[in-house]
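Asks: No gaps in the numbering here: position 226 of the sequence shown is 226 in this note's numbering, and each next residue is one more.
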Amino acid sequence: MPDIDATPPYKAAVIGLGAIGLGYDIEEDKHSGKMLTHCHAFHRHTGFELSFGIDPIAENRELLRKHYGYLAYADIAEVNLPHAQVYSLCAPTECHYDVFNTLIKKRPLAIICEKPLATNIEQAKAMVESAKLCGTSLAVNFFRRFEPGTVQLRRLVHQGELGGLVNGTVWYKRGILNNASHFIDLLIDLFGMPKEWGVVGPSKAGDDGQENFALHWQEGSVYFHAVDAVAYNFFEMQLVMTTAMVQYHGGGAQIYIRRTKSRMDFSARQSLDTEGEYIENDYFNYQYYVADHVYRHLRYGTPLLSNGETALKSLKIACDIHDQLYC
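In structure tokens:
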């Protein structure tokens with residue numbers, strides 16, 4: 001893990017002690033296990049001190065107390081401690097706007113908001129503007145922008161080492177806003193804002209839109225396929241580039257680059273390497289890297305790689321596709 005200086009830690013609090021706030025790694029060792037949640041990341045990162053958690057569900061509060069020994073409250077109005085300097089907003093998406101407006105009044109140094117920022121673009125824009133007016137740094141938890149393996153993939157793409165985008169495929173489950181937005185944001189990070197996007201094929205709309213859709217750039221397109229009918233988790237991406245193929249497995253837990261090579265028959269044609277080059281990563285500690293990035297932003301002024309402005313771009317696409325289904 002990155003080295004941290006000896007300055008006093010920032011006081012942090014987690015609002016919402018559900019899966020991403022607390023639950024995903026509750027079975028892990030709190031001193032050495034995988035860091036998949038905001039609570040565990042703050043607990044392990046020496047640049048932060050977790051002061052308390054907030055959740056209306058008593059069982060979740062008790063889990064925080066028993067596992068980590070931190071204070072937990074049902075509502076932020078009950079907190080009689082000094083305000084936190086950094087808040088993680090992990091409440092359900094439909095609560096983001098109201099909870100954010102409560103937190104921003106406390107003028108924290110930073111808010112780390114779970115994605116998507118809000119259920120609609122108007123609320124999200126208002127949140128971004130409020131953070132600017134209050135001088136609060138707004139980070140959004142598209143964690144792949146911070147995880148070392150995907151950071152290396154971004155470097156390879158941006159430096160042109162893999163050539164340009166030709167075509168791509170993403171398979172996803174559990175909704176456009178909830179899950180597909182992760183890969184929408186990742187693709188914007190890799191290739192910039194697409195010039196067009198839209199639904200492809202017949203509608204299978206659910207509560208959050210289980211849809212096939214596509215993003216189109218000048219040089220190529222990426223097609224998203226909803227696979228909610230399968231009984232297992234499936235979150236994969238393949239990108240065909242002009243001089244390589246990217247295979248992005250398990251949501252980013254394994255990343256392979258298959259580069260072109262000359263054929264053994266000495267013909268002018270080339271083929272792809274069959275084994276591929278494995279990109280080292282630390283996927284199962286992804287939440288630590290989000291916390292560390294926010295820490296370095298506050299301590300040293302490094303830019304936030306995932307912020308309100310970048311999150312608005314992916315939310316606009318997700319909401320536009322959602323509106324094509326329901327409006």
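Ideal placement from N, C-alpha and C gives every residue a C-beta, glycine not left out.
1. What residue ranges within the region 251–287 form continuous alpha helix (DSSP H) runs of no fewer than 4 residues, ordered along the chain?
2. List, from N- to C-terminal side, the beta strand (DSSP E) runs of 3 residues or more that fit wholly inside the region 81–138.
3. Could I get the ranges of all uninterrupted beta strand (DSSP E) runs contained in the region 153–236, with 3 residues as the minimum, in chain order?
4. From Thr93 to Ile112, what does the alpha carbon distance come to, in whole angstroms?
5. Could you give the distance in angstroms between the alpha-carbon of Lys30 and the alpha-carbon of Ala58?
6. So is Asp25 buried or exposed if we call it buried at 16+ other beta carbons inside 10 Å?
7. Rank Glu27, Gly33 and Ala91 by C-alpha distance to the C-alpha of Gly53 and give the top, closest one.
8. Distance check for Asp323 and Arg154, CA to CA, integer angstroms please.
9. Using the C-alpha atoms, what's the distance from Asn281 back to Val246?
10. Quick one, are the C-beta atoms of Ala72 and Arg65 less than 7 angstroms apart?
11. Tyr97 and Ala118 - do their beta-carbons sit closer together than 7 angstroms?
12. Going by DSSP in three states, Tyr70 sits in which element: helix, strand or coil?
13. Beta strand (DSSP E) containing Phe146: first to last residue?
14. Any C-beta of chain C sitting closer than 7 angstroms to the C-beta of Val86?
15. With respect to the alpha helix (DSSP H) encompassing His40, which residues constitute its N-terminal and C-terminal limits?
16. With a threshold of 16 other CB atoms inside 10 Å of the CB of Met193, please say whether the residue is buried or exposed.
17. What's the gap between the Cα of His45 and the Cα of His216?
18. Tell me which same chain residues have a C-beta within less than 7 angstroms of the C-beta of Gln218, skipping the five on either side of it?
19. Which of the three DSSP states, helix, strand or coil, is assigned to His297?
20. Would you call the CB atoms of Leu315 and Pro116 closer than 7 angstroms?
21. Out of curiosity, what's the CA-to-CA distance linking Gly18 and Cys39?
22. So, using beta-carbon positions, are Tyr248 and Met241 closer together than 7 angstroms?
23. Does the distance from the CB of Lys173 to the CB of Phe234 come in under 7 angstroms?
24. For Ser130, which residues from the same chain have a beta carbon less than 6 angstroms from its beta carbon, with the 5 sequence-adjacent residues on both sides left out?
25. Taking all protein chains shown into account, decide if Thr7 is buried (16 or more other Cβ within 10 angstroms of its Cβ) or exposed.
26. Let's test the definition: count the other Cβ atoms within 10 Å of the Cβ of Gln287 and tell me whether it reaches 16, buried, or not, exposed.
27. For His249, list the residues DSSP reports as bridge partners.
Replies: Walking through what the data contain:
1. none
2. 86–89 and 110–113
3. Counting only runs of 3 or more, we get 165–172, 196–199, 213–216 and 221–226.
4. Rounded to the nearest angstrom, the two C-alpha atoms are 13 angstroms apart.
5. 21 angstroms
6. buried
7. Ala91
8. 30 angstroms
9. 15 angstroms
10. yes
11. yes
12. Tyr70: coil per DSSP, three-state reduction.
13. Looking at the DSSP string, Phe146 is not in any beta strand (DSSP E), and its letter there is neither H nor E.
14. Looking for chain C here will not work: only one protein chain is present.
15. His38 to Arg44
16. exposed
17. 39 angstroms
18. Same-chain partners within the cutoff: Lys195.
19. helix
20. Contact check for Leu315 against Pro116 passes: the beta carbons are separated by less than 7 angstroms.
21. 10 angstroms
22. no
23. yes
24. Closer than 6 angstroms at Cβ, skipping near neighbours: Ile104.
25. Within a 10 Å sphere around the beta-carbon of Thr7 sit fewer than 16 other beta-carbons, which makes this residue exposed.
26. Gln287 is classed as buried because its beta carbon has at least 16 other beta carbons within 10 Å across all chains shown.
27. Bridge partners of His249: Gln254.
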